[in-house]
Structures are given as structure tokens and as C-alpha cells.
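Residue numbers (this note's numbering): 3 to 144.
Beta carbons: idealized from backbone N, C-alpha and C, even for Gly.
Notes follow the structure.
Okay, structure coming up:
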């Protein structure tokens, strides 16, 4: 079983482990996926311990869902990491301190759609830069 960690789901902070994460996926993700009538989806998640737990990976296998292999410590390739960095700024606006979690949904909704679109649209350029860096490192190491 994966260790405990904190995660955001619908901008509500919860304490979770691999069992809770799998339950959350069963109750929330699978019904949503069924609406699209696609079983060939590739699921993207970070490397939180509850995400990479053996039981969680088996859960995905049992559901016949492919999980994208994700390099550790790669926030530059994950637009959600940028959103998590933006979200606390919304919490801090006008308060000077971190407010109650009730306001988290309001804060989430206040992030402009253009911000989210720009983050997603920036992924090809980020990948290109990563490939360039890797080629440079390989050239230096030769």
C-alpha cells in the first residue's frame, strides 16, 4: 500500500492513501470515463506514493486502463503543477493568510480559462525544450 499524502480533488484538500485513491477513482473517474464511451484512455497522474502503489497499478490493470509513464520530478511537463502553484495565490488575495478550505472552490473557479488553456498549449514547447536539453547533455557527455 502506498504511503499517505495530501492531494487536491475538485479543489478540496483530503488526506489519502492508495486505498482511498482507488475508491475515489472508482466513484468519480470511472463514471466520468463511461460518459465518453472510451476505454482506450491513457490516465495521467504524478508520482505520489498512492498513485504508484502496487495495488493502485493493479487497480488500473484490472480496469484495463493504461497509465502514462511519468518521469519523477518533472513538473515542467505537467500543467497541473503550474495550476497548483497559481491556486495558492488566489487563496492569498485579499486575506494575507491562508483562508478556510470553503473558499478553495471559489478560488479554483476564479482561475481564468485562458490560464489553463495556455498551460496546456505550452506542453509541445516544453517537450521540445526538454529534448533539446537532453541532446545538449548527451553531446557534453560524449
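Rounded separation between residue i and residue j - CA only
i: residue 58; j: residue 21; result: 8 Å
i: residue 33; j: residue 44; result: 16 Å
i: residue 38; j: residue 112; result: 27 Å
i: residue 142; j: residue 134; result: 12 Å
i: residue 86; j: residue 79; result: 14 Å
i: residue 25; j: residue 62; result: 12 Å
i: residue 50; j: residue 73; result: 12 Å
i: residue 109; j: residue 60; result: 35 Å
i: residue 118; j: residue 56; result: 32 Å
i: residue 132; j: residue 123; result: 16 Å
i: residue 47; j: residue 136; result: 23 Å
i: residue 127; j: residue 89; result: 23 Å
i: residue 23; j: residue 129; result: 29 Å
i: residue 64; j: residue 116; result: 37 Å
i: residue 71; j: residue 54; result: 10 Å
For residue i, three-class secondary structure by DSSP
i: residue 68; result: strand
i: residue 38; result: coil
i: residue 74; result: coil
i: residue 88; result: helix
i: residue 1; result: Any answer about residue 1 is impossible in this case: the structure gives the chain only from 3 up to 144.
Cut-off 8 Å between Cβ atoms - residues of its own chain near residue i, not counting five sequence neighbours on either side
i: residue 77; result: 83 and 84
i: residue 121; result: 81, 84 and 85
Strand pairing of residue i, partner residues [DSSP]
i: residue 45; result: 69
Close-in-space but distant-in-sequence residues of the same chain around residue i (CB under 6 Å, 5 per side omitted)
i: residue 68; result: 44
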